[in-house]
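A.B. asks:
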Amino acid sequence: MRQIMYLGMLSAGLMLAGCQSANQNALQDPPAKQNIHADAERIKSHLRFLSDDLLEGRDTGSRGHEIASLYIASELEGYGLKPAGDDGGFLQRAPFRQASLEQSSPSLVLETAKGKVDLAYPKQYITSASPVSELASVKGQLVFAGYGIIAPELKHDDYADLDVNGKVVVVLSGKPASFPSEEGAHFGSTNEKKRHAAEHGAIGYITITTPTAEKVRPYQNLLNYIHTPTVRWLDTSGQPANIYPSLKNSAYLSKEAAEILFANADMNLEQIYQLLEEDKSPKGFALPVSIDFSKRSEHETISSPNVVAILEGSDPTLKNEYIVYSAHSDHIGIAKTVKKDKINNGAMDNASGTSILLETARLFSQMPQRPKRSILFVAVTAEEKGLLGSDYFAQNPTVPKGAMVANVNLDMPILTYEFNDVIAFGADHSDLKESVSLAAQKIGLTLSPDPWPDQALFTRSDHYSFVKQGVPSVFLVPGLQSADPAVDGSKKFGEFLATNYHKPGDDFNQPFNWKAATKFAEVNYYIGLTLANQAKRSSWNEGDFFGDTFSK
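Letter by letter, the sequence shown follows residues -22 to -1, 1 to 530 in mature numbering (1 follows the signal peptide of the UniProt record, and there is no 0).
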């Protein structure tokens, strides 16, 4: 899972009650509980192999991830599923550009009223490799643009009456505290902010830290990632997708560096921070500072596969609609550390989710009568690079566009305790809430609400790639209610995040609870069965922001 940041958010108080009973009017003849049981030994064997040292952490584009993908494809083929990748095979190969920053190359000089100031990299600012240009350079006047957000639905426009054409914008990290969490995560995303900057004619993009950012993710912690390559998938013309080439360079400034920008401006940084404390959005203004900023990057073209398979539906018409299961098969590879164990095996993140996906596919293949709609299984790559494999597939599906009617995503299920509930992030946005709740009841589980709404997890895993293509989606994980009164589910969850998340300790030696694994596979199966057999295809709730924004 991509850099989730909620270690401090867990407590026993998160043991929330299940949702109210589901409205079954949208369903026709909901499936009864069947005599189908998940096999713990199969899940264990998948997880053991996928998290083995042999695969070296399954980094995108690595030999280890290629081995993992072939393993997943061979298992799906063994279940009798049809290949749905490229050229009649199970693999959809995605091309990527991987850019690495030359660490000695960044040069950022500010021209102020008191003369030139040469900022020190990475002490005062950080920057990432450019996927567009091997030499990225920008010169121009700086303009402060508040948060850099345009959100008509929330009556917010940081670019109103502000001229940034041909200039370098400076924006605050994050979003106003008053913004709704999930909608705010969309409006406050870097991609949205850069889009607005580019559309208003900006030529460069600078982000400055805030007190909130320092609490959640201190600038000092960001230094751990300065060697991380920038990766983007390539479109049919060989150009990186989802970027804004007119923004020639970008950087993230520490508080110390940001203070220099505002030293002789209409407002100094402390005054701006005071407005943020009052949840007020400062209006933009020109800064009496210009910038000369350059860096060099090395480019490499790599490829990495998604694995795609279909279990064809039984209904002559509905089989042309697809319920999509997704789970990312990649992880973060080998750590740069002096410690003996350098391999980030990614057992929980996300060999566990991939293993559940495989067992779910096997359960469907064993059905005496196949579901009405078709089931599409997609093990995606490059989630850890920015949801790239799922975004590539969602924008370049191997089934007809518009035929994907629902997505259930499996990312980092914590399988160290037996649970009594499930959480489906994003369920409140569509009628998937009713479908998931009904399916969970088949094996005695309840559907609990999102225990961390302020973390906006609905926007932070592979399902969001499908959301952006208008597909109602949920991100499914085991809930925090433990079947054993002596076990605190939220504590177990927190222990993993605190000790093993994105570390070599996330390996097969963790105390997996295989009953939890089979239970999670079975509820996953019943969710897909419910969605595949219900009379109406899944739909967004009327007036839902994500449905209205992305539904085609």
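We put the beta carbon where it would ideally sit given N, CA and C, even for glycine.
Can you give me the C-alpha to C-alpha distance between residue 434 and residue 341, rounded to a whole angstrom?
C.D. replies: About 32 Å.
A.B. asks: Would you kindly work out how many angstroms separate the C-alpha atoms of residue 326 and residue 227, rounded to a whole number?
C.D. replies: The straight-line gap from Cα to Cα measures roughly 36 Å.
A.B. asks: Where do the ends of the alpha helix (DSSP H) carrying residue 93 lie?
C.D. replies: First-last for residue 93: 93 to 97, but that is the beta strand (DSSP E), not the alpha helix (DSSP H).
A.B. asks: Just the C-alpha distance for residue 476 and residue 393, rounded to the nearest angstrom, thanks.
C.D. replies: Each residue's alpha carbon lies about 16 Å from the other.
A.B. asks: Using DSSP bridges, identify the partner residues of residue 173.
C.D. replies: None; residue 173 has no bridge partner.
A.B. asks: CB residue 166 to CB residue 188, shorter than 9 Å?
C.D. replies: No. Outside cutoff.
A.B. asks: Please state whether DSSP places residue 480 in a helix, a strand or coil.
C.D. replies: It is coil, neither helix nor strand.
A.B. asks: Which residue comes first and which comes last in the alpha helix (DSSP H) that contains residue 149?
C.D. replies: It is not in any alpha helix (DSSP H) - residue 149 instead sits in the beta strand (DSSP E) that spans 146 to 150.
A.B. asks: So, with DSSP's three-state summary, where would you put residue 492?
C.D. replies: If DSSP states are grouped into helix, strand and coil, residue 492 belongs with the helices.
A.B. asks: From residue -2 to residue 384, what distance separates their C-alpha atoms?
C.D. replies: Unreliable placement is indicated for residue -2, whose pLDDT of 36 sits below 50; the coordinate value is still reported in the next sentence. Whole-angstrom Cα-Cα distance: 21 Å.
A.B. asks: Spatial neighbours of residue 544 within its chain, please: C-beta separation below 7 Å, excluding the five flanking residues on both sides.
C.D. replies: Here the chain comprises residues numbered -22 to 530, so residue 544 is not present and cannot be evaluated.
A.B. asks: At a cut of 8 Å, does the segment 30 to 46 reach the segment 318 to 333 through at least three beta carbon pairs?
C.D. replies: Yes: at least three Cβ pairs fall under 8 Å.
A.B. asks: How would you write the range of the beta strand (DSSP E) that residue 279 sits in, first residue to last?
C.D. replies: 263 to 289 is the span of the beta strand (DSSP E), which, as asked, contains residue 279.
A.B. asks: For residue 180, which of helix, strand or coil comes out of DSSP?
C.D. replies: Coil, per DSSP.
A.B. asks: Mind the definition here: the segment 351 to 361 touches the segment 287 to 305 only if three or more C-beta pairs lie below 8 Å; say whether that holds.
C.D. replies: Yes, the segment 351 to 361 touches the segment 287 to 305.
A.B. asks: Taking just the CA atoms, how far does residue 85 sit from residue 116?
C.D. replies: Answer to the nearest angstrom: the Cα atoms are 11 Å apart.
A.B. asks: Can you tell me whether residue 169 is buried or exposed? The criterion is at least 16 other CB atoms within 10 Å of its CB, across all chains shown.
C.D. replies: With fewer than 16 Cβ atoms within 10 Å of its Cβ, residue 169 is classed as exposed.
A.B. asks: Write down every uninterrupted run of the alpha helix (DSSP H) in the segment 191 to 248 whose length is 4 residues or greater and which is fully enclosed by it, in chain order.
C.D. replies: DSSP runs (the alpha helix (DSSP H)) wholly in the segment 191 to 248: 197 to 200, 233 to 239.
A.B. asks: Cutting at 6 Å between CB atoms, please list the residues of its own chain near residue 113, excluding the five before and the five after it.
C.D. replies: So the list reads 274, once near-sequence residues are dropped.
A.B. asks: Grab me the residues of residue 440's own chain with a C-beta within less than 7 Å of its C-beta, minus the 5 sequence neighbours each way, in chain order.
C.D. replies: Same-chain partners within the cutoff: 304, 306, 358, 361, 365, 368, 387, 389.
A.B. asks: Beta strand (DSSP E) containing residue 115: first to last residue?
C.D. replies: That run of the beta strand (DSSP E) goes 113 to 122.
A.B. asks: Taking the alpha carbon of residue 295 as the reference point, which residue from 221, 411, 513 has its own alpha carbon closest?
C.D. replies: Of 221, 411, 513, the residue nearest in Cα terms is 513.
A.B. asks: Near residue 382, which residues of its chain fall below 6 Å by C-beta distance, leaving aside the five closest residues on each side in sequence?
C.D. replies: Correct list, in chain order: 300, 302, 449.
A.B. asks: So residue 204 packs on residue 104, CB below 8 Å; how close in whole Å?
C.D. replies: About 6 Å separates the two Cβ atoms, so the contact holds.
A.B. asks: With a Cβ-Cβ cutoff of 9 Å, do residue 395 and residue 491 count as a contact?
C.D. replies: It is a contact, given that the beta carbons lie within the stated cut-off.
A.B. asks: For residue 6, name the three-state secondary structure that DSSP assigns.
C.D. replies: Low per-residue confidence applies at residue 6: pLDDT is 45, beneath 50, and the placement is therefore not dependable enough to give any value.
A.B. asks: Once DSSP output is grouped into helix, strand and coil, what is the label at residue 357?
C.D. replies: Reduced to three states, the DSSP call for residue 357 is strand.
A.B. asks: List in chain order: all unbroken alpha helix (DSSP H) runs of 4+ residues lying wholly within the segment 317 to 344.
C.D. replies: Entirely contained in the segment 317 to 344, the alpha helix (DSSP H) runs reaching 4 residues are, in chain order, 330 to 343.
A.B. asks: Along the chain, where does the alpha helix (DSSP H) containing residue 418 start, and where does it finish?
C.D. replies: Residue 418 -> alpha helix (DSSP H) spans 410 to 419.
A.B. asks: Can you give the Cα-Cα distance for residue 123 and residue 263, rounded to whole angstroms?
C.D. replies: Cα to Cα, residue 123 sits roughly 7 Å from residue 263.
A.B. asks: If I measure Cβ to Cβ from residue 143 and keep anything under 8 Å in the same chain, skipping five residues before and after, which residues do I get?
C.D. replies: Around residue 143: 178, 179, 180.
A.B. asks: Going by other Cβ atoms of all chains shown within 10 Å of its Cβ, with 16 needed for buried, is residue 494 buried or exposed?
C.D. replies: With 16 or more Cβ atoms within 10 Å of its Cβ, residue 494 is classed as buried.
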